[in-house]
Amino acid sequence: MIIILAPSATESDLEELVNNLKERGYGVHISKGVEKTIVGAIGAPEEDKAIIAEQLSSFSYVERVIPILKPYKIVGREFHPDKSIIRVGDVDIGGQRVVVMAGPCSVESEEQTIETAKAVKAAGASILRGGAFKPSTSPYSFHGLGEDALKILAAARDITGLPVITEVMDTRDVELVAKYADILQIGTRNMTNFALLTELGNIKKPVMLKRGMSSTIEEWLQAAEYIATKGNYEIILCERGIRTFETFTRNTFDVSAIPAVGGLSHLPIAADPSHGTGKSSLVPPVARAAVAAGADALIVEVHPTPEKALKDGAQSLNFAAFENMMSELALCARAVGRYI
Ligand code: PEP
Ligand code: MN
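Mapped onto my numbering, the consecutive letters of the sequence shown carry residue numbers 17 to 356.
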C-alpha cells in the first residue's frame, strides 16, 4: 500500500511513520515528489491490509492510505507521480532532452571503440554504448572481450568524456562491470534472471533493463520492481522489440510500449531501434517514431565499418548514417516539445 502524507507533515512525522511500518515488518520506500511525500509499504500479509490501513489513517499527518493492486508497486506512477530523472555524469535521462546512447554492438578493439566514441559524440550522442560481455543465441559466435573491453570503454570515456553503458550477464561479474561502467545494462535474455536483478538492486549505479523478447509490459515492470525493491531506484526501461510471427525484421519494435509504460511507470524509457529492427535502413525511421511516441532516450549501434563488424553489422549505422539520423531526430524532437 502507499501512504500519502499531508502537506503539513514534518520530517519527524515521517520518521515516526517509517518506524511504525518497520515494526510491523514492512519494507519501506519513500518518494519525495514535487507536491507530495509518499511512503510505500511493501510486504503486508493480505488479510491485515484493511485493518492496518485504518490504523495508519488515524495519524493526523496521513492524508490517505491506498492499496496498490498492481503487481508492481515502487516503479508505478501511484508511488511516484512525477517522472523520475536519472543523472549519469552530467546527463539527465527522463528530462526534456532526448538522450542518445550510441556505439558499437561489441567492443572489438581500442581503435574501433575510440574512433566510434569520437564520431558519435561529434554527432550529438551523450553516452557511449559497447558490449564487453556479449549474450549470444549461438554458442559459436563472438562473446566479447570481457574485462579488456571494459578497460577500452573506460579509456574512451577518459578521452571523450562520454559516460559508458555496457551489459552485465552474470551475477559473478556485477562488481567488475560496476567498477568500469556508468550504467549497467540487463539484456533481453536476462530480463527474468531474478538473481541478476536482485544483485543489481544492491548496487549504487543506474541500470538499464531491456524488455524480454517474449515479455509483456506487466512482466517487464515486475522485473524492474525486483531491482527497485532492493533499494536501487535508478532504472531505465528499454523497449528493444519483441518476438512476433514477422520474420522480415529481427524483432517487432513495439512503439506503443513507450507511451504505455510512460503512463504506468515513472521510470524513464529508452528505445533500441537497432535490435528492434535488425536492419540499418529501418533504424532511423523507427528512432523517429520512438521519439515521437515519447522515448526519453535511444540506444543505437554504430560501427566504423558495419560490413566488417564482428556482431550485428546488419543493424549498425556507419558514421555518416548516424550523423544524418541525428539531424532528422532533432526536428522530430522539436515537434514533440523536446530536444536532442
Ligand atoms: C545489445 O544491446 O547489444 C544486446 C545484446 O541487446 P538485446 O539484449 O536487446 O538483444
Ligand atoms: Mn547488438
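Just so you know, even glycine gets a beta-carbon here, dropped at the ideal spot from N, CA and C.
Kindly list the residues whose CB is nearer than 7 Å to the CB of residue i, restricted to its own chain and excluding five residues on each side of it in sequence; keep chain order.
i      : result
GLY278 : ILE285, GLY310
GLU215 : THR187, VAL190
GLU79  : ILE20, LEU21, ALA22
In whole angstroms, what separates the C-alpha of residue i from that of residue j?
i      : j      : result
VAL223 : VAL104 : 11 Å
ALA308 : ILE18  : 33 Å
LYS324 : ALA330 : 10 Å
ASN267 : SER297 : 14 Å
LYS48  : GLU126 : 43 Å
ASN248 : PRO179 : 19 Å
THR263 : ASN218 : 38 Å
GLN71  : LEU213 : 34 Å
Taking C-beta to C-beta, are residue i and residue j nearer than 7 Å?
i      : j      : result
ALA349 : VAL114 : yes
ALA171 : THR187 : no
GLU344 : ILE102 : no
SER230 : ARG259 : yes
GLY110 : SER100 : yes
ILE140 : ILE356 : Residue identity check: residue 140 is Gly in the sequence provided, not Ile. Their beta carbons are under 7 Å apart, which means GLY140 touches ILE356 by this criterion.
LEU169 : VAL184 : no
PRO300 : MET341 : yes
THR204 : ALA148 : no
VAL81  : ALA66  : no
ALA194 : ILE233 : no
PRO120 : THR132 : yes
Near residue i, which residues of its chain fall below 6 Å by C-beta distance, leaving aside the five closest residues on each side in sequence?
i      : result
LEU3   : Because residue 3 is not part of the residues shown, which for the chain are 17 to 356, the question remains open.
VAL91  : LEU237, ALA240, GLU241, ALA244, SER281, LEU283
SER28  : none
SER142 : VAL107, VAL115
HIS96  : SER47, HIS282
GLY122 : Looking at the sequence shown, residue 122 is not Gly but Ser. Only GLY147, LYS150, GLY160, LEU326, LYS327 meet the Cβ criterion.
How would you write the range of the beta strand (DSSP E) that residue i sits in, first residue to last?
i      : result
LYS226 : 223-226
CYS254 : 251-255
ALA313 : 313-317
ILE102 : 102-104
GLU79  : 78-82
LEU21  : 18-21
In terms of residue numbering, what span does the alpha helix (DSSP H) encompassing residue i cover?
i      : result
SER73  : 65-73
VAL302 : 299-309
LYS137 : 126-138
GLU163 : 163-176
VAL91  : No alpha helix (DSSP H) contains VAL91, which DSSP labels as neither H nor E.
VAL190 : 190-196
Apart from the five residues on each side of it in sequence, which residues of its chain come closer than 8 Å, Cβ to Cβ, to residue i?
i      : result
GLU124 : LEU161, ALA325, LEU326
LEU192 : GLU163, LEU166
Any Cβ of chain C within less than 7 Å of the Cβ of residue i?
i      : result
THR132 : Absent here is chain C; the protein component of the structure consists of one chain.
| said: With three or more C-beta pairs closer than 8 Å as the rule, is the region 314-324 touching the region 79-89? | reply: Because the criterion of three Cβ pairs below 8 Å is not met, the region 79-89 and the region 314-324 do not touch.
| query | Touching or not, the region 29-46 and the region 219-239, by the rule of three or more beta carbon pairs under 8 Å? | reply | Not touching, per the Cβ criterion.
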